[in-house]
Amino acid sequence: MSDNDKIIDEVTSSEYKYGFSTEIDADTLPPGLDEDTIRLISLKKNEPQWMTDWRLDAFQVWKKMDEPEWANVHYKKPDFQAISYYSAAKKRNIESLDEVDPELLKTFEKLGISLDEQKRLSGVAMDIVVDSVSVSTTFKKTLKEKGIIFCSMSEAIQDYPELVKKYIGTVIPKSDNFYAALNSAVFTDGSFCYIPKGVRCPMELSTYFRINEAGTGQFERTLLIADQNSYVSYLEGCTAPQRDENQLHAAVVELVALDNSEIKYSTVQNWFPGDSNGKGGIFNFVTKRGICETSAKISWTQVETGSAVTWKYPSCILKGDNSIGEFYSVALTNNFQQADTGTKMLHLGRNTKSTIISKGISAGNSHNSYRGLVRMSPRALNARNFSQCDSLLMGDKCGAHTFPYIEVKNPTAKMEHEATTSKIGEDQIFYCQQRGLSTEAAIALIVNGYCKDVLNQLPMEFAVEAQKLLAISLEGSVG
Amino acid sequence: MLEIVNLHASIDDNVILNGINLKVNLGEVHAIMGPNGSGKSTLSNVIAGHDGYDIISGDILFDGESVLDFPPEKRAHLGLFLSFQYPIEIPGVTVSNFIKTALNEIRNARGEEPLAASPMLKMMRDKMKVLEMDKGFLSRSLNEGFSGGEKKRNEIFQMAMLEPKIAILDETDSGLDIDALRIVANGVNSLRSKENTFIIITHYQRLLDYIIPDFVHVLFNGRIVKSGGKELALELEKRGYDWIKKEQE
Ligand SMILES: Nc1ncnc2c1ncn2[C@@H]1O[C@H](COP(=O)(O)OP(=O)(O)O)[C@@H](O)[C@H]1O
Ligand SMILES: [Mg+2]
Chain A
1 MSDNDKIIDE VTSSEYKYGF STEIDADTLP PGLDEDTIRL ISLKKNEPQW
51 MTDWRLDAFQ VWKKMDEPEW ANVHYKKPDF QAISYYSAAK KRNIESLDEV
101 DPELLKTFEK LGISLDEQKR LSGVAMDIVV DSVSVSTTFK KTLKEKGIIF
151 CSMSEAIQDY PELVKKYIGT VIPKSDNFYA ALNSAVFTDG SFCYIPKGVR
201 CPMELSTYFR INEAGTGQFE RTLLIADQNS YVSYLEGCTA PQRDENQLHA
251 AVVELVALDN SEIKYSTVQN WFPGDSNGKG GIFNFVTKRG ICETSAKISW
301 TQVETGSAVT WKYPSCILKG DNSIGEFYSV ALTNNFQQAD TGTKMLHLGR
351 NTKSTIISKG ISAGNSHNSY RGLVRMSPRA LNARNFSQCD SLLMGDKCGA
401 HTFPYIEVKN PTAKMEHEAT TSKIGEDQIF YCQQRGLSTE AAIALIVNGY
451 CKDVLNQLPM EFAVEAQKLL AISLEGSVG
Chain B
1 MLEIVNLHAS IDDNVILNGI NLKVNLGEVH AIMGPNGSGK STLSNVIAGH
51 DGYDIISGDI LFDGESVLDF PPEKRAHLGL FLSFQYPIEI PGVTVSNFIK
101 TALNEIRNAR GEEPLAASPM LKMMRDKMKV LEMDKGFLSR SLNEGFSGGE
151 KKRNEIFQMA MLEPKIAILD ETDSGLDIDA LRIVANGVNS LRSKENTFII
201 ITHYQRLLDY IIPDFVHVLF NGRIVKSGGK ELALELEKRG YDWIKKEQE
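As you go down the protein sequences, you meet chains A and B in turn. All the letters of the first sequence, read from the start, carry residue numbers 1 to 479 under the working numbering. All the letters of the second sequence, read from the start, carry residue numbers 1 to 249 under the working numbering.
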């Protein structure tokens, strides 16, 4: 992160204001989920009636659904009546870094995170740096001049209801899956972004910048719309380890790429994975999908190192002719982590193209599965897909699994699928050591080389952080 | 500088080195010759600290200090470099990134600041010029898809960048055509000084026409059975290894 980013971040994170009237003064709802809970969430957020109805409808759908069993992950299912579905972001009462888990601080140090940033991430109360307010203002001004909307979902529902109403749930319907339905009923906040026709967003949009970043909660909802001929690169997450008292996270991200537009969506996910025995980590059940109209392009890039259980398939509906979908993924699991991740490329339009590059790294006792679907519909003349799914194993207690699903209903479609499984060779490590690298530095170098095709897709600064993150996540896993 | 004392080593219970004694001083060039399977690569690996071998007895000293307990990287930090007989591929890691990482790890271990990007690049360019290497080399994936000759040249390039005190060249000449051989030899000769030492492992005399050794040793069945000056290499070239074998029987 550049200094500017940090400054903006400090400013914005300390400026958090709640965007609803406080007729009801309780800050946290008691655990439990029924229609009243949902009405209360909607009321607290001062939402219009259509939004409340939409949520209630989603709740009805959800009640009829079962939690999916098909993923290659094993965990104790959460008790959905034991969760509190609304909690205004509370400031944690930490006075100084001395009160923070020293393990966490060590990791911050290795990542090269500044002291101020460390304080922010671990919830230490901070004063605003007055000088830097202007930086944040400049940032907002630039976006405003271009007509770009970038705000919290709550604000968008208040300020741009017609846009939200038009697009929410169009890519991921309420009934899509168990977690998406739940999210639709109870989401508390998230990000909203709209890029107007013909506008090229001049900077990487990062959730870092946004006011309200804190407290988006466990049911986050993101909606990103790129109007015709526009371009945006969007960054989500951060490399620093994120802890949360909420074990279950079920986010929904919808992307709409209208004609000739391009969306690059990059994620670095580093939720707390649990301790080395697998206790206490976060369950991350995310639904991410984008729709491409004519000649539009969506690129998903993700680096997943965190969470105890990850269930995540960023997908593309290639609806328009000549549209392009890309999925670049690194999923690293260590200790007792489990990840079941991949993508779906649904080719509907003619001459649609998709690329899938998936790099799994498993260490310790972890399990890492790639699950991908490529579907070529009857109308998808000359559709093309290239898939490469590689697995790297470290040690012999971990597992890597690949589940490619291919449905081709059009004889002109072309598919290429490559898959490899490898181990880091002792001879590779020895070669590096002979050149002066420690075993850990050698592994970091080899792993980063292995992930290069994915890391290259990330914006420069993010890529450098992601490299460090991979190295740290593997520390102590060999030797 | 480097001293090997009555070294016995085995792998998977096969004894490969049977009492090696060798003393190498700064400013000297030693050649080690010997038939296939005599233990030349084993000796290099053991000196470099490969943990696949068991040291049965004996010692390896750098500047009088035993390095047997040192991991390979620590030996590298002390100035040891091994040009591998079979260099390893590391996909996705560019030559420049690899060398940059190696050089800075070594500098760091010695308490020096990392070398900044622009002097690093300049140094790379200078060394590549001596070795008549193309600039495009730097952005290629390390040893991946390299021809045999390119791999060897890349080893010498790394050596030139890391400026070791003790360099062991394990059959760097095999797989090189005569032009490449000359270029590599020039590279080595340009690095020779009173501050370093080279151990050249080879089957053939021809590399020693370009890099003139001070001493030649013959390794056979894991033991140095003969040592002499550069004329010993010529004699081996003329007579082959059979007479050595016979002498041993
Ligand atoms: N892993 C191993 N297990 C058993 N024997 C081995 C192993 N590796 C090498 N050797 C044997 O050690 C001997 C010396 O090999 P090496 O050092 O490669 O010889 P050189 O480099 O002189 O050709 C050979 O007889 C070879 O077969
Ligand atoms: Mg050999």
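All C-beta atoms, glycine included, are put in the ideal place defined by N, C-alpha and C.
Please report the straight-line C-alpha distance between residue i and residue j, rounded to a whole angstrom.
| i | j | result |
| --- | --- | --- |
| ALA214(A) | SER41(B) | Only weak support is given to the placement of ALA214(A): the predicted model assigns it a pLDDT of 38, under 50, and the value that follows is read from those uncertain coordinates. Taking the straight line from one Cα to the other gives about 59 Å. |
| MET153(A) | THR52(A) | 14 Å |
| ASP12(B) | GLN247(A) | 49 Å |
| LYS151(B) | GLU418(A) | 27 Å |
| VAL29(B) | TYR204(B) | 16 Å |
| PRO196(A) | LYS166(A) | 15 Å |
| PHE157(B) | ILE178(B) | 18 Å |
| LEU381(A) | LYS140(A) | 43 Å |
| GLN60(A) | ASN177(A) | 13 Å |
| LEU219(B) | LEU437(A) | 30 Å |
| VAL483(A) | ASP79(A) | Only positions 1 to 479 of chain A appear in the structure, and residue 483(A) is not among them; the question remains open. |
| PHE327(A) | THR333(A) | 19 Å |
| PHE98(B) | ALA442(A) | 10 Å |
| LEU26(B) | LYS194(B) | 6 Å |
| ASP34(A) | ILE361(A) | 40 Å |
| ALA185(B) | VAL130(B) | 11 Å |
| SER354(A) | ARG192(B) | 54 Å |
| MET65(A) | LEU103(B) | 58 Å |
| TYR431(A) | GLU155(B) | 11 Å |
Determine the extent of the beta strand (DSSP E) in which residue i is found, giving its start and end residues.
| i | result |
| --- | --- |
| SER227(B) | 223 to 228 |
| GLY360(A) | 353 to 362 |
| TYR370(A) | 367 to 376 |
| CYS201(A) | Element bounds for CYS201(A): n/a, residue is neither H nor E. |
| CYS398(A) | No beta strand (DSSP E) contains CYS398(A), which DSSP labels as neither H nor E. |
| TYR265(A) | 262 to 269 |
| PHE215(B) | 215 to 220 |
| TYR53(B) | Note, TYR53(B): premise wrong, no beta strand (DSSP E); not H, not E. |
Indicate whether residue i and residue j have their beta-carbon atoms separated by less than 8 Å.
| i | j | result |
| --- | --- | --- |
| ASN6(B) | GLY19(B) | yes |
| ASN21(B) | ILE224(B) | yes |
| ILE168(B) | LEU82(B) | yes |
| LEU40(A) | THR305(A) | no |
| MET123(B) | MET159(B) | no |
| TRP311(A) | ASP340(A) | yes |
| ASN365(A) | LYS397(A) | yes |
| ALA9(B) | ILE47(B) | no |
| HIS401(A) | SER377(A) | no |
| SER139(B) | THR94(B) | yes |
| GLY222(B) | GLY39(B) | yes |
| ILE212(B) | LYS230(B) | yes |
| SER307(A) | GLN337(A) | yes |
| SER84(A) | PRO31(A) | yes |
| GLY566(A) | THR294(A) | Only positions 1 to 479 of chain A appear in the structure, and residue 566(A) is not among them; the question remains open. |
| ALA331(A) | ILE298(A) | no |
Just reading off the alpha helix (DSSP H) that residue i is part of, what are its end residues?
| i | result |
| --- | --- |
| ALA185(B) | 178 to 191 |
| GLN248(B) | 242 to 248 |
| GLN60(A) | 49 to 63 |
| PRO480(A) | Nothing in the structure corresponds to residue 480(A), since chain A is present only between 1 and 479. |
| TRP344(A) | It is Lys, not Trp, that sits at residue 344(A) in the sequence shown. Taken as a continuous stretch (DSSP letters only), LYS344(A) belongs to no alpha helix (DSSP H), being part of the beta strand (DSSP E) at 338 to 347. |
Under 8 Å between C-beta atoms, does residue i make it to chain E?
| i | result |
| --- | --- |
| ALA233(B) | Here the protein chains are A and B, and chain E is not one of them. |
Contact set between the region 50 to 61 of chain B and chain A, restricted to residues whose Cβ is under 7 Å from the partner: HIS50
Residues from the region 378 to 403 of chain A in contact with chain B, defined by Cβ distance under 8 Å: none
Residues of the region 409 to 431 of chain A whose Cβ lies closer than 8 Å to any Cβ of chain B, in chain order: GLY425, GLU426, ASP427, GLN428, PHE430, TYR431
Against chain B: residues of the region 440 to 465 of chain A by CB proximity under 8 Å: ALA441, LEU445, ILE446, ASN448, GLY449, TYR450, CYS451, LYS452, ASP453
The region 36 to 48 of chain B: positions lying closer than 7 Å to chain A by Cβ: ALA48
At least three beta-carbon pairs within less than 8 Å, the region 276 to 283 of chain A to the region 222 to 241 of chain A: no
Positions along the region 80 to 97 of chain B whose CB lies within less than 9 Å of some CB in chain A: LEU80, PHE81, LEU82, PHE84, TYR86, PRO87, ILE88, GLU89, ILE90, PRO91, GLY92, VAL93, THR94, ASN97
contact_flag[the region 116 to 129 of chain B, the region 63 to 70 of chain B] where n(CB pairs < 8 Å) is 3 or more: no
Contacting positions in the region 172 to 192 of chain B - beta carbon closer than 9 Å to chain A: none
Validate contact between the region 251 to 265 of chain A and the region 434 to 448 of chain A using beta carbons, cut 8 Å, 3 pairs: no
Cβ contact check for the region 419 to 439 of chain A and the region 451 to 461 of chain A: 3 or more pairs under 8 Å: no
Positions along the region 330 to 347 of chain A whose CB lies within less than 7 Å of some CB in chain B: none
Touch test, the region 49 to 62 of chain B against the region 142 to 151 of chain B, Cβ-Cβ under 8 Å, three pairs minimum: no
Chain A contacts made by the region 65 to 77 of chain B, where a contact means CB separation under 7 Å: PRO71, PRO72, GLU73, ALA76, HIS77
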